[in-house]
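Note sheet for the following structure.
Protein chains in written order, with our numbering: chain A, 1 to 191; chain B, 192 to 643.
Structure (structure tokens):
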């Protein structure tokens, strides 16, 4: 079953999805769900919320797949839909807690800690522990590669707010990395 | 240096997630597939909405026409026999009258001249009358039987008719008629125009059809297709079952299935019809009925030779001996096949070249089998016929209703479109299977051969 799925090209899967063939939809989902799940987890506060985003995102993908013209890669197109879905999910929270400039980002600055020492779940947990605004900005800036001007437009905030939220996220992550690196490993050693 | 470090920090994170993958739980695809199935049901529903509205409009139209026809017929009944011409002959001297009441509808009879021997002018009076009527009236019609002033029938008749319109005998209008009828010595002819029932001509029986075949007996083939709705308990809440592998309690996992309440149905069959009365017909026949419904399931049944078959909780609820095996979520097409024996009474609202008929009746349904098919084709199909182990009832009954819009082709053929509904009076599944009665809207096409 899995072999059959991966024999089919993206174009063939798209054609099947356009026709509404359930097998093609399932194969497309199986091909991209793992990658998209990580994206959703980075934006969500929990795995359960990430799955909700993933579900909503794929429903949008299947509904809009007729409009996919092949200008970009399918994975890029699906990623964009997932990010937009995640942002819509987060937007309500961001409106309730509007992001403002973090006046003092003079948080504890430490040396860079190598991420290679951490597994994926630990990294995701660190990002999920960030405040909502800082988490979204961090994802968009550091991982997706958007600049602050684009982020400000996407989230309807000022560029300065985006920058300060990012600084806050970065400082908090460094702190977490350091703490986990020192206390986490010590804790493991104790056990 | 700081910029470089910042870039380094971002690159670290970006590369950490570049090819990262994390499997979501099966719940996600389950929910996606559920949503897609519902969306597809919505699309199908939109496609069928036109036909449903057409069917509903036809039924409403038929009911309105039937009601209004019945009302008008009842109201106009006393007037239908009042087509008559009354001729009054007045003799001022003797004040005797010749009563010509009883002349039948549509005939205007010239009065005989009483002054010339009271003989009827047969040339003028007889040709328009049937022979028997002339004979029946031989004693009264031309005999000039005198009547007393107190029994001035024509005048009384006029007053009587005026009273029917709420005009009293003492009314000046009534007096005027009385006076004129009695004082003038000339022959007067009072014609009461027939009051026709207020029915459109299209609803009257076609007199021309007497030349054609009378449509007293016919045979027809029919086919119909439509939407099928059956709500089951598993639509609303998942019924969790446990899959047990003998000797291993660690393999206990929750399994469930969910039904899409909307499906499709079609039927093909033959029927016979006969006319019971001028507007009443009786139709019966036999038809094959196929009802399909979608399910989503995450388990399969394991057969004796370890083959896995598509399975839903409707069966597991009825049969605990099934060995189940959890699977990834997949969709099932559940097809129920039945033989239906309908018996319907029909009322002909319009019986001309175009016909409109209102049908109502009952159908006895005999369950043949239910087949569960994995849409992906990975699991074997599971089929179950009627029986004590089957979750399906061997017999069920449905109420039928609808209309039939027909058009007559030649002398012996009639084609028709028949929107209608079929409501399950008894459930298809046995008691305890937690389902309710199915409902079906359909649009049928019939081809009728008129025998006589």
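Note that the Cβ used here is the ideal one computed from N, Cα and C, for glycine as well.
List the DSSP bridge partners of residue i.
| i | result |
| --- | --- |
| residue 541 of chain B | B/547 |
| residue 527 of chain B | B/482 and B/561 |
| residue 520 of chain B | Note: residue 520 of chain B sits in no beta bridge, so no partner. |
| residue 449 of chain B | B/487 |
| residue 463 of chain B | B/410 and B/475 |
| residue 571 of chain B | B/500 |
Could you pull the start and end residues of the beta strand (DSSP E) that residue i belongs to?
| i | result |
| --- | --- |
| residue 640 of chain B | 630 to 641 |
| residue 586 of chain B | 586 to 600 |
| residue 408 of chain B | 408 to 420 |
Would you mind reading off the limits of the alpha helix (DSSP H) that contains residue i?
| i | result |
| --- | --- |
| residue 141 of chain A | From DSSP, residue 141 of chain A is part of no alpha helix (DSSP H); its letter is neither H nor E. |
| residue 171 of chain A | 159 to 179 |
| residue 32 of chain A | 22 to 43 |
| residue 495 of chain B | From DSSP, residue 495 of chain B is part of no alpha helix (DSSP H); its letter is neither H nor E. |
| residue 121 of chain A | 120 to 128 |
| residue 61 of chain A | 47 to 64 |
| residue 608 of chain B | It is not in any alpha helix (DSSP H) - residue 608 of chain B instead sits in the beta strand (DSSP E) that spans 604 to 615. |
| residue 11 of chain A | 10 to 18 |
Around the C-beta of residue i, are 16 or more other C-beta atoms found within 10 angstroms, so that it is buried, or is it exposed?
| i | result |
| --- | --- |
| residue 214 of chain B | exposed |
| residue 41 of chain A | buried |
| residue 205 of chain B | exposed |
| residue 141 of chain A | buried |
| residue 179 of chain B | The displayed coordinates of chain B run from 192 to 643. Any statement about residue 179 of chain B would go beyond what the structure contains. |
| residue 25 of chain A | buried |
| residue 471 of chain B | exposed |
| residue 199 of chain B | exposed |
| residue 407 of chain B | exposed |
| residue 170 of chain A | buried |
Cα separation between residue i and residue j?
| i | j | result |
| --- | --- | --- |
| residue 519 of chain B | residue 461 of chain B | 43 Å |
| residue 525 of chain B | residue 601 of chain B | 43 Å |
| residue 91 of chain A | residue 249 of chain B | 50 Å |
| residue 617 of chain B | residue 611 of chain B | 19 Å |
| residue 564 of chain B | residue 497 of chain B | 17 Å |
| residue 416 of chain B | residue 595 of chain B | 15 Å |
| residue 49 of chain A | residue 34 of chain A | 15 Å |
| residue 52 of chain A | residue 223 of chain B | 10 Å |
| residue 543 of chain B | residue 599 of chain B | 8 Å |
| residue 539 of chain B | residue 638 of chain B | 17 Å |
| residue 420 of chain B | residue 587 of chain B | 16 Å |
| residue 73 of chain A | residue 11 of chain A | 11 Å |
| residue 484 of chain B | residue 28 of chain A | 25 Å |
| residue 60 of chain A | residue 548 of chain B | 47 Å |
| residue 562 of chain B | residue 603 of chain B | 41 Å |
| residue 165 of chain A | residue 134 of chain A | 5 Å |
| residue 535 of chain B | residue 553 of chain B | 6 Å |
| residue 225 of chain B | residue 114 of chain A | 43 Å |
| residue 210 of chain B | residue 488 of chain B | 32 Å |
| residue 495 of chain B | residue 621 of chain B | 26 Å |
Strictly under 8 Å for the Cβ-Cβ distance: is residue i near chain B by that measure?
| i | result |
| --- | --- |
| residue 65 of chain A | no |
| residue 58 of chain A | yes |
| residue 12 of chain A | no |
| residue 33 of chain A | yes |
| residue 26 of chain A | yes |
| residue 180 of chain A | no |
| residue 151 of chain A | no |
| residue 133 of chain A | no |
| residue 45 of chain A | no |
| residue 23 of chain A | yes |
| residue 192 of chain A | Here chain A comprises residues numbered 1 to 191, so residue 192 of chain A is not present and cannot be evaluated. |
| residue 41 of chain A | yes |
| residue 104 of chain A | Note that residue 104 of chain A scores a pLDDT of 46, beneath 50, so its modelled location is shaky; the value from the coordinates is reported in the next line. Output row for residue 104 of chain A: interface = no. |
| residue 146 of chain A | no |
| residue 38 of chain A | yes |
| residue 176 of chain A | no |
Distance cutoff 8 Å, beta carbons only. Does residue i sit that close to anything in chain A?
| i | result |
| --- | --- |
| residue 641 of chain B | no |
| residue 443 of chain B | Caution is warranted here: a pLDDT of 48 is assigned to residue 443 of chain B, below 50, making its placement in the model unreliable, and no coordinate value can be reported. |
| residue 200 of chain B | yes |
| residue 490 of chain B | no |
| residue 214 of chain B | yes |
| residue 636 of chain B | no |
| residue 483 of chain B | no |
| residue 222 of chain B | yes |
| residue 450 of chain B | no |
| residue 424 of chain B | Only weak support exists for where residue 424 of chain B lies, its pLDDT of 44 falling under 50; the coordinates are left without a value. |
| residue 563 of chain B | no |
| residue 453 of chain B | no |
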